[in-house]
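Chemist: Start counting the sequence shown at 34; every next residue gets the next number (the numbering used here).
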Amino acid sequence: MTQPTPDHHGIIYRRAALDEGYTDKQLTRRVDDATMTRIWSGAYVLNTGETRTPEELHRLTAIAAVTSSPDSGFALSHQSAGVLHGLSLLTPQLDRVHLSTGYATGARLEKRRHLHSGALDDADTVVVDGIRVTSLERTVVDIACSVGFAQALAAFDSALRNGADAAVIAEYLEGHKRGVGQARRALGHADAGAENAGESWGRAQLICAGLPTPRLQHEFYDDAGVFIARTDYDWLGKLAAEFDGMAKYQRHLADGETAFDAMRREKEREDALRRLGVMVIRWVWEDLRRNRVVPMVREWLDRLGIAA
34 MTQPTPDHHG IIYRRAALDE GYTDKQLTRR VDDATMTRIW SGAYVLNTGE TRTPEELHRL
94 TAIAAVTSSP DSGFALSHQS AGVLHGLSLL TPQLDRVHLS TGYATGARLE KRRHLHSGAL
154 DDADTVVVDG IRVTSLERTV VDIACSVGFA QALAAFDSAL RNGADAAVIA EYLEGHKRGV
214 GQARRALGHA DAGAENAGES WGRAQLICAG LPTPRLQHEF YDDAGVFIAR TDYDWLGKLA
274 AEFDGMAKYQ RHLADGETAF DAMRREKERE DALRRLGVMV IRWVWEDLRR NRVVPMVREW
334 LDRLGIAA
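1) Using only alpha-carbon positions, find the residue among 230, 177, 335, 190 that is nearest to residue 245.
2) Would you mind stating whether residue 316 and residue 329 have Cβ atoms separated by less than 8 Å?
3) Assuming residue 252 and residue 263 make a contact with CB atoms under 8 Å, what is their CB distance in whole Å?
4) Work out the CA separation of residue 74 and residue 82 for me, nearest whole Å.
5) If we call anything under 8 Å between Cβ atoms a contact, is residue 130 one with residue 141?
6) Using a Cβ-Cβ cut-off of 6 Å (strictly less than) and excluding sequence neighbours within five positions of residue 320, which residues of its own chain qualify?
7) Quick one: measure Cβ to Cβ for residue 124 and residue 184, integer angstroms, because I've assumed they're closer than 8 Å.
8) Could you tell me which of 248, 39, 149, 228 sits nearest to residue 179, measuring between CA atoms?
9) Counting only the same chain and skipping the five closest in sequence on each side, list residues whose C-beta sits under 6 Å from that of residue 95.
10) Taking the beta carbon of residue 134 as the centre, do at least 16 other beta carbons fall within 10 Å, making it buried, or is it exposed?
11) For residue 327, which of helix, strand or coil comes out of DSSP?
12) Can you look up residue 250 in the DSSP assignment and give me helix, strand or coil?
13) Got a sec, what are the start and stop residues for the alpha helix (DSSP H) residue 205 sits in?
14) Determine the closest residue to residue 46 out of 203, 72, 256, 67, with distance taken between C-alpha atoms.
15) With distance defined between alpha-carbon atoms, name the residue in 67, 322, 220 nearest to residue 176.
16) Look at the alpha carbon of residue 215 and the alpha carbon of residue 174, and state the distance between them as a whole number of angstroms.
17) Can you tell me whether residue 1 is helix, strand or coil according to DSSP?
18) If we call anything under 8 Å between Cβ atoms a contact, is residue 193 one with residue 225?
Dropping the structure here:
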């Protein structure tokens, strides 16, 4: 059975499908048999058999929402713009499409859209994949002023990693009121070395507990100058920590390598670090959710005599 043709974003619009000769009944049948998913009124995506991440699905939904809207002056903003910018966000709010209207008033929460008020100058928006969105710096400030410290830190870390201008971010924060204090605090701790939102969350927990801030992505070499490892976090070259280590290694298996091979490779790596006198600890998402990270780090900082 042939399928309607998606556009360059991967979206099938009802009007285009009808132009191809399909009927509404045929489109409905494809939704009913799970060949397609309706992501917005008059917009669909093909189900290819591969599961889309929430971010991937939200990206398509946000694009469909803004291109289908009669309010063509609106720009994708907040978490929706963050997804298009490729930010690694911690617990992003993706249940609604976020749009900035450019008007001083008129913010409202709808079933599937969150309309944000506030002026938008030309410098506040850019075009990403043909879609008008708030700029990277404006986007991350909008997010950081509306979420908690850990989410704000993750957003800033990711934005800096993606090339955001810290000075421009700071300028935006001079003009914001609500949530600006927490956002400024998060920006002060932001570090492009954090590779994902999970790593940022771990650091946020350590910061909030008053523990020493770790160095990020430090490379260790042996006495002969041979590279040993690059760690997610370390303190004074005495204590190193890895977030979600085994999951990372299993995602990057070499050709012909098994999960057991990756586990053995990681053990050899840790053994080499310990021979250098570096203690290695690790945590996963569940440890972050259950607040196990701070006690673990504090215990080893105390054992190794690293001042808290």
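Ideal Cβ placement from N, Cα and C applies to all residues, glycine included.
Modeler: Reading from the atomic positions:
1) For this step, residue 245 is matched to residue 212 along the sequence shown. The candidate whose alpha carbon is nearest that of residue 245 is 335.
2) Here residue 316 refers to the residue found at position 283 of the sequence shown. Here residue 329 refers to the residue found at position 296 of the sequence shown. Cβ distance < 8 Å, so residue 316 and residue 329 count as in contact.
3) Position 219 of the sequence shown holds residue 252. Position 230 of the sequence shown holds residue 263. That pair is a contact at about 5 Å.
4) Translated into positions along the sequence shown, residue 82 becomes position 49. Translated into positions along the sequence shown, residue 74 becomes position 41. Computed Cα separation, rounded: 23 Å.
5) Working through the sequence shown from its first residue, we reach residue 130 at position 97. Working through the sequence shown from its first residue, we reach residue 141 at position 108. Against a cut-off of 8 Å, the Cβ pair of residue 141 and residue 130 comes out as no contact.
6) Taking the first residue of the sequence shown as position 1, residue 320 is located at position 287. 326, listed in sequence order.
7) Position 91 of the sequence shown, counted from the first residue, corresponds to residue 124. Position 151 of the sequence shown, counted from the first residue, corresponds to residue 184. Residue 124 to residue 184, Cβ: 6 Å. Contact.
8) As a first step, residue 179 is located in the sequence shown; it is residue number 146 there, counting from the start. Checked all of 248, 39, 149, 228; the closest Cα to residue 179 is 149.
9) Reading the sequence shown from its first residue, position 62 is the one you call residue 95. Around residue 95: 109, 113, 130.
10) For the purposes of this step, residue 134 is taken as residue 101 along the sequence shown, with counting starting at 1. That one is buried.
11) In the sequence shown, residue 327 corresponds to position 294, counting from 1. Residue state, collapsed to three classes: helix.
12) Here the question's residue 250 lines up with position 217 in the sequence shown. Strand, per DSSP.
13) Here the question's residue 205 lines up with position 172 in the sequence shown. Boundaries of the alpha helix (DSSP H) around residue 205: 199-208.
14) On the sequence shown, position 13 is the one that residue 46 refers to. The candidate whose alpha carbon is nearest that of residue 46 is 72.
15) As a position in the sequence shown, residue 176 is number 143, starting the count at 1. Taking only the C-alpha atoms, the option nearest residue 176 is 220.
16) Taking the sequence shown and counting its residues from 1, one reaches residue 215 at position 182. Taking the sequence shown and counting its residues from 1, one reaches residue 174 at position 141. Each residue's alpha carbon lies about 11 Å from the other.
17) For the chain, the structure presents residues 34 to 341; residue 1 sits outside this window and is missing.
18) For this step, residue 193 is matched to residue 160 along the sequence shown. For this step, residue 225 is matched to residue 192 along the sequence shown. Going by C-beta atoms, residue 193 is nearer than 8 Å to residue 225.
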